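Encoded as structure tokens, the structure appears first; notes follow it.
In my numbering, the protein residues as written are -1 to 152.
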């Protein structure tokens, strides 16, 4: 079992979201995909602490706070482990973008967010991040291919 965060930094004034094109790490399961920022928990971290740390490590931006938008279970996502992922947005930040060790950072227009090279399941849940409802979902993949999903909104 893996615990992780997935974070979307929003520039509300311009209508853009910070995304990362994963193209720098060797053996990166997400290589060639656009993704939110995030990663695995360190010992003792809360989901919020993990999200804030990951945003800074991957982008150089410091966020004041994050807002939990949902939770997704990815059974055997990588073929080995179930992944339990807390999804966050953040819209108050400071600092300058760094040359990320994970990949190429870019501000993507919210209008085009689901048209870039995402995991197929991301195209479904990303619009949920902009709704005023919390969600709990399960997204099933087999051999990197999206199969189906289920969701409950609160």
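Don't be surprised by glycine CBs; every beta carbon is placed ideally from N, CA and C.
Owing to the predicted nature of the structure, the values given are computational and were not obtained by experimental measurement.
- prompt: Given residue 106, which residues of its chain have a CB within under 7 Å of its CB, disregarding the five upstream and five downstream residues?
  reply: 14, 15, 17 and 114
message: Which residues does DSSP list as the beta-bridge partners of residue 101?
response: DSSP, once it has assigned bridges, lists 20 as partnering residue 101.
field: Per-residue DSSP class, three states only, for residue 122
entry: helix
message: Going by DSSP, what residue range makes up the beta strand (DSSP E) through residue 150?
response: 143 to 151
- prompt: Is it true that the CB of residue 90 sits closer than 8 Å to the CB of residue 20?
  reply: no
- prompt: Which term fits residue 50, buried or exposed, when burial requires 16 or more other beta carbons within 10 angstroms of its beta carbon?
  reply: buried
message: Can you tell me which residues form a DSSP beta bridge with residue 66?
response: 86
task: Would you kindly report the start and end of the unbroken beta strand (DSSP E) that includes residue 134?
output: 133 to 140
Three or more C-beta pairs below 8 Å linking the region 29 to 40 and the region 50 to 62: yes
query: Shortest alpha-carbon distance to residue 102 belongs to which of 29, 10, 11 and 5?
result: 29
- request: Look at the alpha carbon of residue 88 and the alpha carbon of residue 77, and state the distance between them as a whole number of angstroms.
  value: 30 Å
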